[in-house]
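Visitor: Take this structure, written in structure tokens, and hold onto it; I'll ask about it next.
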Amino acid sequence: MRKLLFGILIVVVSIVAVALISPSLIDWNDYRDEIADQIRQATGRDFVIDGDVDFQLLPAPTLSVGVSRLANLEGAVAPDMVRLKSFDMRIQFLPLFSRRIVIESMVLREPVVELEVLADGRRNWEFGQGTAKAGRASTEGAPGAAVMGAVRLDSLTIDNATLIFRDRPSGRVERIEGLNAEIAAQSLYGPLRVKGGFSFKGIPLGFEVDAGKIAAGESTPVSLRLKFPAAKAETRISGTLSVKDRGPQVTAKLRSQGPDLGRFVALMMSAGGPTPELPGFLARPFTLESALAYSARGIEINDIAIQLEETRASGALNIQLGKVPRIDAALSFNRIDLDQWLASGMVSYGAGRAAGDGTLPSGGTKAPDAGTPLAVSLPTGIRASIDITVEAMAYRGGVIRQAKLNASLAKGKLTLHQFSAFLPGGSDLSLTGVLTAKRDKPRFTGTIEAVSDNFRGLLSWLKVDAASLPAGRLHKLSLAAKLGATEERLEVRDLDLRFDSSRVTGGIIFALRSRLAFGANIAIDRLNLDAYLPASAGARRPDGKPAGAGAVKEKGAPGNAALAVIEDFDANLKAHIGELTYNHVPLKDIRFDGTLLAGKVKVRGASIGKVAGGRVALSGSLGGIAKAPEVNLVFDVTASDPARWSQLTGIDLPVSPKQLGLVAFSGRVEGTLKRLNLDATLKADKATLAVKGSIGDLDTQPRYAIDVNVRHPSFTRLVRIFDPGFKPAARELGGFRLKAAIKNDGPVYKFSDITGKLGPVKLAGNAVLRVGGARPKLTAELAMSE
Numbered sequence: 095m096r097k098l099l100f101g102i103l104i105v106v107v108s109i110v111a112v113a114l115i116s117p118s119l120i121d122w123n124d125y126r127d128e129i130a131d132q133i134r135q136a137t138g139r140d141f142v143i144d145g146d147v148d149f150q151l152l153p154a155p156t157l158s159v160g161v162s163r164l165a166n167l168e169g170a171v172a173p174d175m176v177r178l179k180s181f182d183m184r185i186q187f188l189p190l191f192s193r194r195i196v197i198e199s200m201v202l203r204e205p206v207v208e209l210e211v212l213a214d215g216r217r218n219w220e221f222g223q224g225t226a227k228a229g230r231a232s233t234e235g236a237p238g239a240a241v242m243g244a245v246r247l248d249s250l251t252i253d254n255a256t257l258i259f260r261d262r263p264s265g266r267v268e269r270i271e272g273l274n275a276e277i278a279a280q281s282l283y284g285p286l287r288v289k290g291g292f293s294f295k296g297i298p299l300g301f302e303v304d305a306g307k308i309a310a311g312e313s314t315p316v317s318l319r320l321k322f323p324a325a326k327a328e329t330r331i332s333g334t335l336s337v338k339d340r341g342p343q344v345t346a347k348l349r350s351q352g353p354d355l356g357r358f359v360a361l362m363m364s365a366g367g368p369t370p371e372l373p374g375f376l377a378r379p380f381t382l383e384s385a386l387a388y389s390a391r392g393i394e395i396n397d398i399a400i401q402l403e404e405t406r407a408s409g410a411l412n413i414q415l416g417k418v419p420r421i422d423a424a425l426s427f428n429r430i431d432l433d434q435w436l437a438s439g440m441v442s443y444g445a446g447r448a449a450g451d452g453t454l455p456s457g458g459t460k461a462p463d464a465g466t467p468l469a470v471s472l473p474t475g476i477r478a479s480i481d482i483t484v485e486a487m488a489y490r491g492g493v494i495r496q497a498k499l500n501a502s503l504a505k506g507k508l509t510l511h512q513f514s515a516f517l518p519g520g521s522d523l524s525l526t527g528v529l530t531a532k533r534d535k536p537r538f539t540g541t542i543e544a545v546s547d548n549f550r551g552l553l554s555w556l557k558v559d560a561a562s563l564p565a566g567r568l569h570k571l572s573l574a575a576k577l578g579a580t581e582e583r584l585e586v587r588d589l590d591l592r593f594d595s596s597r598v599t600g601g602i603i604f605a606l607r608s609r610l611a612f613g614a615n616i617a618i619d620r621l622n623l624d625a626y627l628p629a630s631a632g633a634r635r636p637d638g639k640p641a642g643a644g645a646v647k648e649k650g651a652p653g654n655a656a657l658a659v660i661e662d663f664d665a666n667l668k669a670h671i672g673e674l675t676y677n678h679v680p681l682k683d684i685r686f687d688g689t690l691l692a693g694k695v696k697v698r699g700a701s702i703g704k705v706a707g708g709r710v711a712l713s714g715s716l717g718g719i720a721k722a723p724e725v726n727l728v729f730d731v732t733a734s735d736p737a738r739w740s741q742l743t744g745i746d747l748p749v750s751p752k753q754l755g756l757v758a759f760s761g762r763v764e765g766t767l768k769r770l771n772l773d774a775t776l777k778a779d780k781a782t783l784a785v786k787g788s789i790g791d792l793d794t795q796p797r798y799a800i801d802v803n804v805r806h807p808s809f810t811r812l813v814r815i816f817d818p819g820f821k822p823a824a825r826e827l828g829g830f831r832l833k834a835a836i837k838n839d840g841p842v843y844k845f846s847d848i849t850g851k852l853g854p855v856k857l858a859g860n861a862v863l864r865v866g867g868a869r870p871k872l873t874a875e876l877a878m879s880e
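In this text, residue positions in the sequence shown follow our numbering: the first is 95, and each later residue adds one.
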């Protein structure tokens, strides 16, 4: 561009010379080609004047040129690099005799400048040497340092200019429109003063530049003022500029301020797009100060001081340029009132709205469709680090202290060195890890650690009601685990959770899809449920039954709704509990292995290794839990201490547990509420009760169709189970057998095909039992032997 300016000066001087030796009346349009040729020789580009050319010598040399164009490089998008609607220049006459050029005024009207990086890397603002004649002209008349210093610019007016930048390799296009400026310079080396404004991506900006005289190797004072009228904000930069062999160097102080940070940020974010909606806490006065240093090696921004009302922050930013650029940033906040910030809600900064009016935004970016894969790309050609500290952060009525974030980026890998905070309740949290992105698919691996000396206090701060837990429980807790996350799954491995006297280990994997699924392998060494249940749990009612026994759920109760949740996810679970205590009964070696798929539970194996002197084993399946339950279960239960079972379940036994001895209950249940098939055997003190058949309409009025078979080798011992004082006349009465088929029709129960032996007496017959009236009524037809 300097060559273009020199070309114009050569033209002016040449015209003055012609005017001095030519007649007073000259048609300057006849010289358009010569003027254009002078500029072509200076720039190496074709220059075309489409408009009129006029020149006046007195009272001061004045040149006016109409529409004119400077050609672009071959292969550029636009045919012209510069287009002017008109150009006027007035110079002082007398200084010309002392080899000085004083431009009294220069006006460029509606210039359009196209700056372009072509696809082959050429830059159109880099001018060639032109023709051989141009080379001689530039040697003879080309202004060197002396000419640069001999030109004074009193006033240069740029009227409604447009500046377009095109980067063909990247496809980037930027436009500055409505550029108006007033420029004055003591010489082309300065001092310089510029004042004006322009619009960039729809954002109006004002600017003022003051610069001293530029001399090689010396420092020049420079100041820049940027105004943002739409945000009533401004930025001032003042310092020094020096030009050295390695390029320019700038040392300066920066200060930015405004009445509404949110409006300022919205203005920057809305450039070229819709106006965003931002957190309301940004709608506060702000100031930003820093020390800035720029050189060919990079930019250093130190002593950063930010104030947003009572919140203050300090820090630094270092940008090192080179083959692999490096960016390091550090920022420390004194205090953040997160409660107040969150209460501020969101604020729209749409056109024509006042800051902080809380109205809806004028537009926004379209949210990605649900299920759209998250594409994440981490740059490989840059290194960066960030260190953020918040001394105190008010949240939920408590204070989070020493919140820290320390991360770095290198070779396409983001490393989280530290994310930690001290939370209320004597708690602290720490997270570290690495984020990578292969083929734009993110993956995070890391570790999490948490410790709480007052976990109940932490729960209270989180508004989780723990009042129902007995005092002294959940006071201390620690957590450690390895984490892994992609857009498809979340992994928790090497879990180590400790609370009170319990320890939980294992791992969990979540499949993140439209239908959530997880797999878990969990082990708990010991768990005392009694210690976490309310004092009333397990207590007996005045009638001797367990608390809550016999309670009838009202129609419309949310039980089925709660069960319906299992229809929404799939699971694969393996669990082991070393020892579980409930109702003061220890249950040892509890194991579960099963899956939940499409609302159906498949139990590969569930067992209690030791409980009440026996064990429990269960396998099978359970489906339709929330709508139409369907079961197919095989069970096997043994107990040598029935009293413990009674204590565990809260169910009173109809006989003394001491009379039962070893109890075993096994069998299979299969079917639905409409028809449940049962095949089970109960053994106690050598007595055997076998039940086989079906039960229908369990959800309304049950219908029984079962065969019952009871036997015991000693009728006397069987009776003594219910009546320990039973003493028959005969020392031994023999065994006991009883078979019957039981069916019912509502409250009428029919006992058919009754056969049996009660000691020495045999019996056979049928019976009918009617219930539901004032008193049960039994009608029987029995035949008995003598």
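Beta carbons are placed, not taken as given, at the ideal position from N, Cα and C, and that holds for glycine.
Identify, in the order they occur along the chain, each residue of the same chain with its Cβ nearer than 6 Å to the Cβ of Val862, setting aside the five sequence neighbours on each side.
Guide: Closer than 6 Å at Cβ, skipping near neighbours: Lys844 and Thr873.
Visitor: Cβ of Gly169 versus every heavy atom of the ligand GTP: is any distance shorter than 7 Å?
Guide: Looking for the ligand GTP in the displayed structure turns up nothing, as the structure carries no ligands at all.
Visitor: DSSP on Lys307, reduced to helix/strand/coil?
Guide: Correct three-state label for Lys307: coil.
Visitor: CA-CA distance, Val441 and Leu273?
Guide: Roughly 32 Å between the two C-alpha positions.
Visitor: Straight-line CA distance for Lys70 to Ser426?
Guide: Missing from the structure shown is residue 70; the chain here goes from 95 to 880 and no further.
Visitor: Could you confirm whether any beta carbon from chain C is found closer than 8 Å to the beta carbon of Pro373?
Guide: No chain C appears in this structure, which consists of one protein chain only.
Visitor: For Phe538, which residues in the same chain have their Cβ closer than 6 Å to its Cβ, ignoring the five residues on either side in sequence?
Guide: So the list reads Gly527, Leu529 and Ala579, once near-sequence residues are dropped.
Visitor: Apart from the five residues on each side of it in sequence, which residues of its chain come closer than 6 Å, Cβ to Cβ, to Pro379?
Guide: Cβ within range, chain order: Pro353.
Visitor: Leaving out five residues on either side along the sequence, give the residues of the same chain with a beta carbon under 8 Å from the beta carbon of Ala614.
Guide: Excluding sequence neighbours, Ala614 sits near Gly600, Gly601, Ile602, Ile603, Ala665, Asn666, Leu667, Lys668 and Ala669.
Visitor: I'd like to know whether the C-beta atoms of Leu691 and Leu681 end up nearer to each other than 8 Å.
Guide: Not a contact, by the Cβ cut-off of 8 Å.
Visitor: How about Asp148 and Ser158: do their beta carbons lie closer than 8 Å?
Guide: Yes. Within cutoff.
Visitor: Around the C-beta of Pro518, are 16 or more other C-beta atoms found within 10 angstroms, so that it is buried, or is it exposed?
Guide: Pro518 comes out buried.
Visitor: If I follow the unbroken beta strand (DSSP E) through Thr156, where does it start and stop?
Guide: Looking at the DSSP string, the run of the beta strand (DSSP E) that includes Thr156 is Thr156 to Val159.
Visitor: Any idea what DSSP makes of Arg550, helix, strand or coil?
Guide: The answer is helix: DSSP assigns Arg550 an H, G or I state.
Visitor: Please report the distance separating the alpha-carbon of Glu198 from that of Leu250.
Guide: In a straight line, the C-alpha of Glu198 is about 8 Å away from that of Leu250.
Visitor: Taking the alpha helix (DSSP H) that Asp433 belongs to, which residues open and close that run?
Guide: Per DSSP, Asp433 belongs to the alpha helix (DSSP H) from Leu432 to Ala437.
Visitor: Taking Cβ to Cβ, would you say Thr775 is nearer than 8 Å to Ser760?
Guide: In this structure, Ser760 lies closer than 8 Å to Thr775 by Cβ.
Visitor: Starting from the C-beta of Gly439, find all residues in its chain whose C-beta is less than 6 Å away, skip the five residues before and the five after it, and write them out in chain order.
Guide: Gly374.
Visitor: How is the beta strand (DSSP E) around Glu328 delimited, first residue to last?
Guide: Start and end: Ala327 to Lys338.
Visitor: Is there contact here, the region 739 to 759 with the region 786 to 805, by at least three beta-carbon pairs under 8 Å?
Guide: Because the criterion of three Cβ pairs below 8 Å is not met, the region 739 to 759 and the region 786 to 805 do not touch.
Visitor: Output the distance between the C-alpha atoms of Thr474 and Trp219, rounded to the nearest integer angstrom.
Guide: Each residue's alpha carbon lies about 31 Å from the other.
Visitor: Would the beta-carbon of Ser546 fall within 8 Å of that of Ser524?
Guide: Not in contact: Ser546 and Ser524 (Cβ atoms no closer than 8 Å).
Visitor: For Ala544, which residues in the same chain have their Cβ closer than 6 Å to its Cβ, ignoring the five residues on either side in sequence?
Guide: These residues qualify, in order along the chain: Leu523 and Leu573.
Visitor: Please say whether Leu411 and Ala399 have beta carbons closer to each other than 8 Å?
Guide: No, Cβ-Cβ distance for Ala399 and Leu411 is not below 8 Å.
Visitor: Pick from Arg490, Tyr443, Gly416 and Pro205: whose alpha carbon is nearest that of Asp182?
Guide: For Asp182, the nearest C-alpha among the options comes from Pro205.
Visitor: Could you tell me if Thr556 is buried or exposed, where buried requires 16 or more neighbouring beta carbons within 10 angstroms of its beta carbon?
Guide: The question names Thr, but residue 556 is Leu in the sequence shown. So Leu556 ends up on the exposed side.
Visitor: Ignore the nearest five residues each way along the sequence and tell me which others in Pro636's own chain have a CB closer than 6 Å to its CB.
Guide: Annotation note: pLDDT 40 at Pro636 (below 50); position unreliable, coordinate value reported separately. Cβ within range, chain order: n/a, list empty.
Visitor: Pull up the distance between the alpha-carbon of Ser595 and that of Leu571, whole angstroms please.
Guide: Distance between the alpha carbons of Ser595 and Leu571: 10 Å.
Visitor: Less than 8 Å between the C-beta atoms of Leu727 and Val763, yes or no?
Guide: Yes, they are a contact pair.
Visitor: Look up Pro323 in the DSSP assignment and say whether it is helix, strand or coil.
Guide: Three-state result, Pro323: helix.
Visitor: Are the beta-carbon atoms belonging to Leu348 and Glu383 less than 8 Å from one another?
Guide: The answer is yes: Cβ separation under 8 Å.
Visitor: Ends of the beta strand (DSSP E) at Gly416?
Guide: Note, Gly416: premise wrong, no beta strand (DSSP E); not H, not E.
Visitor: Output the distance between the C-alpha atoms of Leu415 and Leu563, rounded to the nearest integer angstrom.
Guide: Each residue's alpha carbon lies about 59 Å from the other.
Visitor: Would you mind sorting Phe322 into buried or exposed? The rule is 16 or more other CB atoms within 10 Å of its CB.
Guide: So Phe322 counts as buried.
Visitor: Count the other CB atoms within 10 Å of the CB of Gln132; is the residue buried (16 or more) or exposed (fewer)?
Guide: Gln132 comes out buried.
Visitor: What's the C-alpha gap between Ile129 and Leu190?
Guide: Those two C-alpha atoms are separated by around 20 Å.
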